[in-house]
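Everything below concerns the one structure shown next.
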Amino acid sequence: MPVTVLIVDDSKLARIVAGKALAELQPHWEKIEAGSAAQALELINHQSPDVALIDFNMAEKDGLELANELRVLLPDMPIAIITANIQDEIITRAREIGAAFVAKPVTPDTLEPFLSGAALRFRSKNT
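Counting in our numbering, the final residue of the sequence shown is number 128, and the numbers go up one at a time with none missing.
So, in structure tokens, the structure goes:
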């Protein structure tokens with residue numbers, strides 16, 4: 002069963018960049034995209050993603066708020082907060098909810114440690 006990654010970012014370009022990095026690292030994983038937290042929560046009603054990549058700076062709700070909600074709905078899902086806003090407070094808040102931190106711009110190099118950890122988690126679950 003393929004792994005599904007939810008990419009949430011209000012920038013279409015940022016979603017494309019993250020999707021390309023994902024495809025380079027995990028070509029068999031599927032992606033679904035949302036342009037807002039509300040759209041992401043709606044998608045989750047119909048699909049159950051395995052991994053989430055969430056932009057921090059979004060209009061109606063920041064990525065940490067969305068990650069908190071996802072953590073309640075899908076407690077074991079690997080979540081990464083993606084942002085160019087690199088502040089200790091954001092990194093600390095992400096860690097408090099069990100989310101990783103990935104700096105923008107997203108590249109295969111910046112995304113690889115998070116996806117490797119997620120892939121390892123799925124392999125160990127399935128053995």
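No residue lacks a Cβ here, since even glycine has one placed at the ideal position from N, Cα and C.
Distance between N86 and H29, taken at the CA atoms: about 30 Å. Between D77 and G64, the CB-CB gap reaches or exceeds 8 Å. The Cβ-Cβ distance between Q48 and L116 does not fall below 8 Å. With a minimum length of 4 residues, the unbroken runs of alpha helix (DSSP H) contained wholly in the region 54-110 fall at 64-74, 89-97.
When only Cα atoms are considered, S37 and L44 end up about 11 Å apart.
By the Cβ-count criterion, A60 is exposed, with fewer than 16 other Cβ atoms from all chains shown falling within 10 Å of its own Cβ.
Between V107 and I83, the C-beta gap is smaller than 8 Å, which places the two residues in contact. DSSP, read as helix, strand or coil, puts V52 in strand. CA-CA distance, K105 to A35, rounds to 18 Å. Within 10 angstroms of the beta-carbon of I8 lie 16 or more other beta-carbons, which makes it buried.
Under the rule that a run must span 3 or more residues, the beta strand (DSSP E) segments found entirely inside the region 22-49 read 31-35.
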